[in-house]
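Asker: The structure that follows is given in the form of structure tokens.
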Amino acid sequence: MPSDESFLRRAVAVLSAFRADDDGLGAAELARRSGLPKSTAHRIALDLVDAGLLERRGARVRLGLKLFEIGQRVPRQRVLRDAAVPYMSDLREATRQTVHLAVLEGTEVVYVEILGSSGGPPLPSQVGGRLPAHVTGVGKAILAFSPPEAVRAVLAAEPAAAGGRPTGGRGALAPGLFTKELARIREEGVAYDREESGRGIVCAASPVLGADGAALGALSVSGWSTRMRLAAVAPAVHTAALTLSRTLRHQAR
Numbered sequence: 133m134p135s136d137e138s139f140l141r142r143a144v145a146v147l148s149a150f151r152a153d154d155d156g157l158g159a160a161e162l163a164r165r166s167g168l169p170k171s172t173a174h175r176i177a178l179d180l181v182d183a184g185l186l187e188r189r190g191a192r193v194r195l196g197l198k199l200f201e202i203g204q205r206v207p208r209q210r211v212l213r214d215a216a217v218p219y220m221s222d223l224r225e226a227t228r229q230t231v232h233l234a235v236l237e238g239t240e241v242v243y244v245e246i247l248g249s250s251g252g253p254p255l256p257s258q259v260g261g262r263l264p265a266h267v268t269g270v271g272k273a274i275l276a277f278s279p280p281e282a283v284r285a286v287l288a289a290e291p292a293a294a295g296g297r298p299t300g301g302r303g304a305l306a307p308g309l310f311t312k313e314l315a316r317i318r319e320e321g322v323a324y325d326r327e328e329s330g331r332g333i334v335c336a337a338s339p340v341l342g343a344d345g346a347a348l349g350a351l352s353v354s355g356w357s358t359r360m361r362l363a364a365v366a367p368a369v370h371t372a373a374l375t376l377s378r379t380l381r382h383q384a385r
């Protein structure tokens with residue numbers, strides 16, 4: 133009989149197997165992605181269905197509504213998102229481009245909110261989805277204002293760990309150049325993605341900072357490389373992030 137701790141680890145592996153665009157997974161795919169035996173993945177999936185964390189969809193299962201409900205209670209996500217949305221709306225109106233809000237989780241960024249725009253490029257980002265931090269503007273903006281160990285984790289990660297989700301871009305990690313880029317971001321307050329997260333996609337990002345100067349997350353504006361001038365949108369992104377940072381500090385008093 134597996135211990136409660138062992139079951140919890142396996143349940144997390146099953147839940148983590150789902151990607152943002154998955155509408156249902158079968159036992160074989162769950163087993164492959166989670167690294168568990170097929171019978172084990174199937175049994176745990178049934179337990180999670182009983183708990184409401186997964187839902188049946190024919191012979192497949194998908195993430196359940198209860199997970200969404202729980203996720204909405206996460207303080208970091210809720211407080212940051214609620215404060216950011218008005219500034220994101222203004223930023224989208226001013227730039228006519230897609231606006232992102234993201235936080236750092238390990239060596240990846242998690243997208244908390246995205247306000248899309250018509251005519252923009254198809255983006256690899258999705259709300260609740262993840263991308264390697266080093267290939268995204270938001271990731272670099274956050275890492276530039278994060279503790280050294282966060283940067284070391286990205287630099288130490290193997291390509292499969294730091295960039296395991298294919299983006300179609302050209303985001304190879306060169307440690308020396310990356311460190312210099314983070315230093316520049318700290319000076320200027322703006323990070324750039326020049327087709328690193330996806331071909332034809334560029335973005336300008338700026339960190340949202342707490343009272344201690346550490347990054348809480350980042351805002352970005354993304355668009356077609358042939359249509360959006362980074363130099364034109366960068367000041368707007370920087371101003372929005374600075375204003376949001378001041379708002380959050382005021383709310384924390």
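Residue numbers (the numbering used here): 133 to 385. Ideal Cβ positions, reconstructed from N, Cα and C, are used throughout, including at glycine.
Is the distance from the Cβ of Leu-223 to the Cβ of Val-231 below 8 Å?
Answerer: Reading the sequence shown from its first residue, position 91 is the one you call residue 223. Reading the sequence shown from its first residue, position 99 is the one you call residue 231. In contact: Leu-223 and Val-231 (Cβ atoms closer than 8 Å).
Asker: So, helix, strand or coil for Asp-182, using DSSP?
Answerer: The count along the sequence shown starts at 1 and reaches residue 182 at position 50. Asp-182: helix per DSSP, three-state reduction.
Asker: Could you check the C-alpha separation between Gln-258 and Ser-250 for me, to the nearest Å?
Answerer: Your numbering for residue 258 matches position 126 in the sequence shown. Your numbering for residue 250 matches position 118 in the sequence shown. Each residue's Cα considered, the two are about 16 Å apart.
Asker: Quick one: using the 10 Å Cβ neighbour count with 16 as the cut-off for buried, is His-370 buried or exposed?
Answerer: For the purposes of this step, residue 370 is identified with residue 238 of the sequence shown, where counting begins at 1. Label assigned to His-370: buried.
Asker: Which residue wins for smallest C-alpha separation from Leu-197, given the options Gly-190, Val-181, Ala-191 and Leu-212?
Answerer: As a first step, residue 197 must be located in the sequence shown, where it is residue number 65. Of the listed residues, the one whose Cα sits closest to Leu-197 is Val-181.
Asker: What distance in whole Å lies between the Cβ atoms of Ala-160 and Lys-170, which are believed to be in contact at a cut-off of 8 Å?
Answerer: Taking the first residue of the sequence shown as position 1, residue 170 is located at position 38. Taking the first residue of the sequence shown as position 1, residue 160 is located at position 28. That pair is a contact at about 6 Å.
Asker: How would you label Ser-278, buried or exposed, when you count the other beta carbons within 10 angstroms and need 16 or more for buried?
Answerer: Counting from one through the sequence shown, the residue named residue 278 turns up at place 146. Buried.
Asker: Pairing CB atoms from the stretch 186 to 197 with CB atoms from the stretch 325 to 344, are three or more of them under 8 Å?
Answerer: Output reads no: the stretch 325 to 344 does not touch the stretch 186 to 197.
Asker: I'd like to check one pair, Gly-271 with Leu-236: are the Cβ atoms closer than 8 Å?
Answerer: In the sequence shown, residue 236 corresponds to position 104, counting from 1. In the sequence shown, residue 271 corresponds to position 139, counting from 1. Yes. Within cutoff.
Asker: Compare the Cα-Cα distances from Leu-309 to each of Gly-349, His-266, Leu-351 and Pro-280 and report the closest residue.
Answerer: The residue labelled residue 309 in the question sits at position 177 within the sequence shown. That would be His-266, whose Cα lies nearest to the Cα of Leu-309.
Asker: Between the Cα of Gly-156 and the Cα atoms of Arg-188, Phe-139 and Val-146, which residue gives the shortest distance?
Answerer: Counted from its first residue, the sequence shown places residue 156 at position 24. Closest option to Gly-156, Cα to Cα, is Arg-188.
Asker: Would you tell me roughly how many angstroms separate the C-alpha atoms of Val-340 and Pro-253, rounded to the nearest one?
Answerer: Numbered from its first residue, the sequence shown carries residue 340 at position 208. Numbered from its first residue, the sequence shown carries residue 253 at position 121. Val-340 and Pro-253: Cα-Cα distance of roughly 25 Å.
Asker: Residues in the same chain with beta-carbon distance under 7 Å from Gly-184, minus the five sequence neighbours each way, listed in chain order, please.
Answerer: What you label residue 184 is simply residue 52 of the sequence shown in a count that begins at 1. Excluding sequence neighbours, Gly-184 sits near Gly-196 and Lys-198.
Asker: Alpha carbon to alpha carbon, what distance is there between Gln-383 and Pro-264?
Answerer: To locate residue 264, count along the sequence shown from 1; it is residue 132. To locate residue 383, count along the sequence shown from 1; it is residue 251. Cα to Cα, the separation comes out at about 30 Å.
Asker: Please classify Leu-140 as buried or exposed, where buried requires at least 16 neighbouring CB atoms within 10 angstroms.
Answerer: For this step, residue 140 is matched to residue 8 along the sequence shown. Exposed, since its Cβ has fewer than 16 Cβ neighbours within 10 Å.
Asker: For Pro-367, is the classification buried or exposed, using 16 other Cβ atoms within 10 angstroms of its Cβ as the cut-off for buried?
Answerer: The count along the sequence shown starts at 1 and reaches residue 367 at position 235. Exposed, by the Cβ-count rule.
Asker: Going by the DSSP bridge assignment, what does Gly-349 pair with across the sheet?
Answerer: For the purposes of this step, residue 349 is identified with residue 217 of the sequence shown, where counting begins at 1. Gly-349 pairs with Val-340.
Asker: List, from N- to C-terminal side, the beta strand (DSSP E) runs of 3 residues or more that fit wholly inside the stretch 202 to 250.
Answerer: 230 to 237 and 240 to 247, all fully within the stretch 202 to 250.
Asker: Please name the residue in Ile-246, Glu-225, Ile-274 and Met-220 whose C-alpha comes closest to that of Thr-118.
Answerer: No answer is possible for residue 118: the residues shown for the chain start at 133 and end at 385.
Asker: Per DSSP, what kind of secondary structure is Ala-323 in: helix, strand or coil?
Answerer: Translated into the one-based positions of the sequence shown, residue 323 becomes position 191. Residue state, collapsed to three classes: strand.
Asker: For Gly-308, which three-state DSSP category applies?
Answerer: Reading the sequence shown from its first residue, position 176 is the one you call residue 308. Helix.
Asker: Can the beta-carbon of Thr-375 be found closer than 8 Å to that of Tyr-219?
Answerer: Reading the sequence shown from its first residue, position 243 is the one you call residue 375. Reading the sequence shown from its first residue, position 87 is the one you call residue 219. It is a contact, given that the beta carbons lie within the stated cut-off.
Asker: What does a CB cutoff of less than 7 Å around Gly-269 pick up in its chain, not counting 5 residues either side in sequence?
Answerer: Taking the sequence shown and counting its residues from 1, one reaches residue 269 at position 137. The answer, listed in chain order, is Ala-323, Tyr-324, Asp-325, Cys-335, Ala-336, Ala-337 and Ser-352.
Asker: Going by other Cβ atoms of all chains shown within 10 Å of its Cβ, with 16 needed for buried, is Ala-191 buried or exposed?
Answerer: What you label residue 191 is simply residue 59 of the sequence shown in a count that begins at 1. Answer is exposed; the Cβ neighbour count stays below 16.
Asker: Can you find the residues in the same chain that come closer than 7 Å, C-beta to C-beta, to Thr-379, ignoring five residues on each side of it along the sequence?
Answerer: Against the sequence shown, residue 379 aligns to sequence position 247. Answer for Thr-379: Ala-215, listed in chain order.
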